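Participant: First the structure, then my questions, so here it is.
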Amino acid sequence: MPQIMWKKEDQKYCLCAFPFIGLVIWGLQYALKYFMVTWLCWQDIYVAIGLALVPILVTGGIHLDGFMDTCDAKSSFGDKEKKLQILSDPHIGAFAVIHLLLYVAVYMLGLWNSMYYLADFRGMAFYGTTFVYARVLSGLLSATVEKARKDGMLVAVAQEDGKSTAQKILVLEGLLCIALLLILDMRIGTMLILVTLFYLLLFANKIKKEFGGVTGDLAGYLLCMTECISILVIALCYGLGWC
Numbered sequence: 013m014p015q016i017m018w019k020k021e022d023q024k025y026c027l028c029a030f031p032f033i034g035l036v037i038w039g040l041q042y043a044l045k046y047f048m049v050t051w052l053c054w055q056d057i058y059v060a061i062g063l064a065l066v067p068i069l070v071t072g073g074i075h076l077d078g079f080m081d082t083c084d085a086k087s088s089f090g091d092k093e094k095k096l097q098i099l100s101d102p103h104i105g106a107f108a109v110i111h112l113l114l115y116v117a118v119y120m121l122g123l124w125n126s127m128y129y130l131a132d133f134r135g136m137a138f139y140g141t142t143f144v145y146a147r148v149l150s151g152l153l154s155a156t157v158e159k160a161r162k163d164g165m166l167v168a169v170a171q172e173d174g175k176s177t178a179q180k181i182l183v184l185e186g187l188l189c190i191a192l193l194l195i196l197d198m199r200i201g202t203m204l205i206l207v208t209l210f211y212l213l214l215f216a217n218k219i220k221k222e223f224g225g226v227t228g229d230l231a232g233y234l235l236c237m238t239e240c241i242s243i244l245v246i247a248l249c250y251g252l253g254w255c
């Protein structure tokens, strides 16, 4: 693998490139689905499992780690300092496991019931765009909301002197995602955008009160929830015949 020398002045623009990971995920998912359906003739449930594994393998599960840490912290019902301490604790709690199992079950339910929608290129393109879109929202949360800690990976990649530039580029990337979602499917795209933006506003307001700001784990939690909400919206709208 090529080695990249990260400089401090470059790290503050990492969030701008963050959404492009979604394109990598979509490309691998499309290739895997084509292989599993065309060459192996596997059933939808196995294809759905394969598609769900791609984001985890590409990211190394780093966002699910943040999801689980956040679930542990929220379930503690402690004060701000207690919750931040739990976020930084490397140990796993029972609530994290429970919420992860629930998350996987709900996500797989939505994905499995969306397989007919994902049968053609348009459906897969719409689904793939949601991975880019989720990372845009997570990046905007990281670049906009005050940091809960003075140190950590998020502080390194979301530096104050690059915040304005990162925000502008992420907004532009978000508008491109919104435009593409609406072009690919106006009805489902509109519903997905409204629901996820509403959830973003609620989540941003909640973490300010509970955690005093955003952390890398909280940004990862938002990303996972946006991906899950997106596939549920697709499954629900397709089931209602909105396409």
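Numbering-wise, the sequence shown is residues 13 to 255 according to our numbering. Heads up, the beta-carbon is just placed ideally off N, CA and C, and yes, glycines get one too. Since we're looking at a predicted model, the values are computed, not measured.
Taking three-plus beta-carbon pairs below 8 angstroms as touching, is the region 68-88 in contact with the region 33-48?
Facilitator: Judged by Cβ distances under 8 angstroms, the region 68-88 makes contact with the region 33-48, as three or more pairs qualify.
Participant: Roughly how far, in whole angstroms, is the beta-carbon of D56 from the beta-carbon of M127, given that I think they are within contact range, below 8 angstroms?
Facilitator: D56 to M127, Cβ: 4 angstroms. Contact.
Participant: Going by DSSP, what residues sit across from K159 in a beta bridge?
Facilitator: Note: K159 sits in a beta bridge opposite V226.
Participant: Could you check if M13 is buried or exposed, using at least 16 other CB atoms within 10 Å of its CB as the buried criterion?
Facilitator: Because the pLDDT of M13 is 41, which lies under 50, any placement of that residue in the model is unreliable, and the number read from its coordinates should be weighed accordingly. Its Cβ having fewer than 16 others within 10 Å, M13 is exposed.
Participant: Go ahead and label G50 buried or exposed: buried means 16 or more other beta carbons lie within 10 angstroms of its beta carbon, across all protein chains shown.
Facilitator: Note that residue 50 corresponds to Thr in the displayed sequence, not to Gly. By the 10 Å Cβ count, T50 comes out exposed.
Participant: With distance defined between alpha-carbon atoms, name the residue in L213, I219, Y211 and L149 nearest to L293.
Facilitator: No information on residue 293 is available, as it lies outside the stretch 13 to 255 that the chain covers here.
Participant: Helix, strand or coil for M127, going by three-state DSSP, please let me know.
Facilitator: Correct three-state label for M127: coil.
Participant: For Y119, does the three-state DSSP call read helix, strand or coil?
Facilitator: Reduced to three states, the DSSP call for Y119 is helix.
Participant: Would you please state the rounded distance, in angstroms, between the beta carbons of E222 and T142? I believe it to be under 8 angstroms.
Facilitator: Contact doesn't hold; Cβ gap of about 26 angstroms is too wide.
Participant: Which residues in the same chain as A60 place their Cβ atom closer than 7 angstroms to its Cβ, once the five residues preceding and following it in sequence are excluded?
Facilitator: For A60, where only same-chain residues beyond five positions count, the Cβ hits under 7 angstroms are M120, L123, W124 and M127.
Participant: Does the beta-carbon distance from Y268 to F79 come in below 8 angstroms?
Facilitator: With the chain covering only 13 through 255, there is no way to say anything about residue 268.
Participant: Under the assumption that G232 contacts D77 (Cβ atoms under 8 angstroms), give the Cβ distance between them as a whole number of angstroms.
Facilitator: About 7 angstroms; that satisfies the 8 angstroms criterion.
Participant: Residue range of the alpha helix (DSSP H) that W254 falls in?
Facilitator: Taken as a continuous stretch (DSSP letters only), W254 belongs to no alpha helix (DSSP H), as it is neither H nor E.
Participant: Using three-state DSSP, classify Y139 as helix, strand or coil.
Facilitator: Helix at Y139.
Participant: Using only the alpha-carbon positions, how far apart do F107 and L248 sit?
Facilitator: Approximately 28 angstroms between the Cα atoms of the pair.
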